[in-house]
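Here the structure comes first, spelled out in structure tokens, and everything after it is commentary.
As structure tokens, then:
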């Protein structure tokens, strides 16, 4: 099958009324979740996972992917109007977006962000479509050694890049792996770490853990704080939102650079939309002829990061679909969902489930068109939603967390687990640990263990098999570098700090 | 945060040692064909032990106590209330049932913690309980826990 017939198949699936409805639901909810501070795309996907279980997996992934794309658009609204990012990938947009709003140019800021997001999102899907089958074909030759090396790379890079404290990132990751060992071991049949509790025989269920760590955890972090920010009022008529020709001239290269950079960063395991948006802003400031305008309402400072985060959210889907390694925290939760639907992401996905993959790709094109229309013509509606007080929203989100955790197995035990992990997630966030790394490890753990054991069984050189085969050797080396670089940096910082201290000490 | 890191690292160290000890004592490290069920957990525990030792050392070496991380005053009270009310709701689920429980839970939080008017509280609580029921029971066919009142 060539690209054209694949895409035709995809659009036939995407244009069924139910899938269109799910894409629409996804973009609306995504924009809202992106816009509301205190709840981001990761918790959005975790919270909506339970709803997808009654559906066909294709419809489920269509809704979740549309939600992910929508949250990237929605985050901008809050950044520009309240100077509070709606989600982490829109943090940098606050800098120039809010300045523009103060100057009465909130409309063009939002409009340019929407157009940039649309261009980047659509081009991102084109790249995704072109790149994924190639990557999948390459990964088809992977044996257990390569698979384990890939898992190792995914785990080390994600961990190195989340949070400020690398040691705590790795601790979170190892804890996630340890949690994934709980329950029946498929190879030997042993029960591990169940503590004799019947409910633990199946191990930690991904869903209550994810809903707890992200949904409940974020709500608890928000519950602490009862204050509310003020929304700048502005005009959002169609005419007020459309950027001027001058805006376009200033932003066009920012959008192009943001798109390419964002997609590349998104594909890399571990570096998702947030890092992409920060890098795009920095690059734009560097290459700009007027760097002094950045921070004072430069429209490029909105266009570049908003393009980058959309391209990155498309890019992050590539390794998730083709290799089974998520490129961001949100795709890590999606990956968990895929596994629960009984879909094995990885190189075979494109051959075994073409309707799933191509339906998803076609839906992403449609979702971006929907999002452009929504974010140009219906901004006032989303601004009104922002006025719903958090004090009403917070209890509602908790109800949704509880019902969602219950709905999987219809067990109150799962709901209790959800609350426990909510408190754990809250504490982890406060103490700089990484719930994202823990979730990723929980998802990848079983496959990582199985591939390592299989690799050691066929190996005649023990663990050195990871260096005997070329692809595995490259991946393992990259993983070691991913660990070594932050370690070396921390060591150097410590040495410098110590020598500074000894110099300051009286002789 | 220095104290929190020290305590955290110490707890993690104990967990790591117990985890590896369990793997070594109760599960098979190596079988005739290759690694057994204890192999991977054994090493995971050791890696965690090394990492938490690293954290312990670096936290002890950090000069200043670091910023506080636990909320204080009103923030702490709100946090405890939300967790306690949620825990009570979950514990009472089999008695109250999901629908009535949801309504009561929302009522308590909206009225007592957030101080909304009775009208707003009732509207949101009844509306949300009904919407939640419609979404999960009517559409997704999830059997909700039924309370002693039969719904």
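Protein chains in written order, with the working numbering: chain A, 1 to 507; chain B, 1 to 151.
Cβ atoms here follow ideal geometry from the backbone N, Cα and C, with glycine treated the same way.
Can you look up residue i in the DSSP assignment and give me helix, strand or coil?
{"i": "residue 341 (chain A)", "result": "coil"}
{"i": "residue 446 (chain A)", "result": "helix"}
{"i": "residue 258 (chain A)", "result": "helix"}
{"i": "residue 239 (chain A)", "result": "helix"}
{"i": "residue 433 (chain A)", "result": "coil"}
{"i": "residue 391 (chain A)", "result": "helix"}
{"i": "residue 230 (chain A)", "result": "coil"}
{"i": "residue 74 (chain B)", "result": "helix"}
{"i": "residue 103 (chain A)", "result": "coil"}
{"i": "residue 346 (chain A)", "result": "coil"}
{"i": "residue 47 (chain A)", "result": "helix"}
{"i": "residue 140 (chain A)", "result": "coil"}
{"i": "residue 140 (chain B)", "result": "coil"}
{"i": "residue 167 (chain A)", "result": "helix"}
{"i": "residue 16 (chain A)", "result": "coil"}
{"i": "residue 85 (chain A)", "result": "coil"}
{"i": "residue 55 (chain A)", "result": "coil"}
{"i": "residue 459 (chain A)", "result": "coil"}
{"i": "residue 410 (chain A)", "result": "coil"}
{"i": "residue 378 (chain A)", "result": "coil"}
{"i": "residue 489 (chain A)", "result": "helix"}
{"i": "residue 505 (chain A)", "result": "With a pLDDT of 49 at residue 505 (chain A), under the threshold of 50, the modelled position of this residue cannot be trusted, and the question is left open."}
{"i": "residue 36 (chain A)", "result": "coil"}
{"i": "residue 61 (chain A)", "result": "helix"}
{"i": "residue 263 (chain A)", "result": "helix"}
{"i": "residue 2 (chain A)", "result": "coil"}
{"i": "residue 222 (chain A)", "result": "helix"}
{"i": "residue 205 (chain A)", "result": "coil"}
{"i": "residue 92 (chain A)", "result": "coil"}
{"i": "residue 384 (chain A)", "result": "helix"}
{"i": "residue 244 (chain A)", "result": "coil"}
{"i": "residue 453 (chain A)", "result": "helix"}
{"i": "residue 197 (chain A)", "result": "coil"}
Give me, in chain order, the residues of the same chain whose beta-carbon lies closer than 7 Å to that of residue i; leave out the 5 immediate sequence neighbours on both sides.
{"i": "residue 377 (chain A)", "result": "238"}
{"i": "residue 232 (chain A)", "result": "81, 101, 106"}
{"i": "residue 103 (chain A)", "result": "297"}
{"i": "residue 24 (chain A)", "result": "370"}
{"i": "residue 60 (chain B)", "result": "6"}
{"i": "residue 468 (chain A)", "result": "461"}
{"i": "residue 16 (chain B)", "result": "45, 48, 49, 52"}
{"i": "residue 285 (chain A)", "result": "291, 294"}
{"i": "residue 116 (chain B)", "result": "110"}
{"i": "residue 18 (chain A)", "result": "59"}
Per DSSP, residue i forms a beta bridge with which residues?
{"i": "residue 118 (chain A)", "result": "Partner(s): none; residue 118 (chain A) has no beta bridge."}
{"i": "residue 146 (chain B)", "result": "B:97"}
{"i": "residue 192 (chain A)", "result": "A:183"}
{"i": "residue 35 (chain B)", "result": "B:30"}
Going along the chain, which residues of its own chain have a beta-carbon closer than 8 Å to the beta-carbon of residue i, five neighbours each way excluded?
{"i": "residue 356 (chain A)", "result": "57, 58, 61, 343, 349"}
{"i": "residue 463 (chain A)", "result": "456"}
{"i": "residue 84 (chain B)", "result": "none"}
Residues in its own chain within less than 6 Å of residue i by CB, not counting five upstream and five downstream?
{"i": "residue 96 (chain A)", "result": "297, 298, 301, 302"}
{"i": "residue 316 (chain A)", "result": "266, 272, 327, 328, 331"}
{"i": "residue 512 (chain A)", "result": "This structure gives no information on residue 512 (chain A), because the portion of chain A shown stretches from 1 to 507."}
{"i": "residue 442 (chain A)", "result": "176, 179, 180"}
{"i": "residue 277 (chain A)", "result": "89, 92, 305, 308, 309"}
{"i": "residue 324 (chain A)", "result": "345, 346"}
{"i": "residue 168 (chain A)", "result": "432, 433"}
{"i": "residue 368 (chain A)", "result": "118, 121, 122"}
Would you please state the rounded distance, in angstroms, between the beta carbons of residue i and residue j? I believe it to be under 8 Å.
{"i": "residue 269 (chain A)", "j": "residue 347 (chain A)", "result": "Actually they do not touch by this definition, with Cβ atoms about 16 Å apart."}
{"i": "residue 38 (chain A)", "j": "residue 224 (chain A)", "result": "With 8 Å as the limit, residue 38 (chain A) and residue 224 (chain A) do not qualify as a contact, their Cβ atoms being about 11 Å apart."}
{"i": "residue 106 (chain B)", "j": "residue 412 (chain A)", "result": "With a Cβ gap of about 19 Å, residue 106 (chain B) and residue 412 (chain A) do not count as contacting."}
{"i": "residue 74 (chain A)", "j": "residue 382 (chain A)", "result": "7 Å"}
{"i": "residue 27 (chain A)", "j": "residue 372 (chain A)", "result": "About 10 Å; that fails the 8 Å criterion."}
{"i": "residue 401 (chain A)", "j": "residue 216 (chain A)", "result": "5 Å"}
{"i": "residue 86 (chain A)", "j": "residue 36 (chain A)", "result": "6 Å"}
{"i": "residue 322 (chain A)", "j": "residue 132 (chain A)", "result": "5 Å"}
{"i": "residue 439 (chain A)", "j": "residue 210 (chain A)", "result": "6 Å"}
Is residue i near the ligand NAD, with its Cβ less than 7 Å from a heavy atom?
{"i": "residue 499 (chain A)", "result": "With respect to small molecules bound, the structure shown includes none, and the ligand NAD cannot be examined in it."}
4-residue-minimum alpha helix (DSSP H) runs that sit fully inside the segment 98-138 of chain B, ordered along the chain: 98-107, 118-133
Runs of alpha helix (DSSP H) lying entirely within the segment 269-329 of chain A, each at least 4 residues, in chain order: 273-287, 300-315, 317-323
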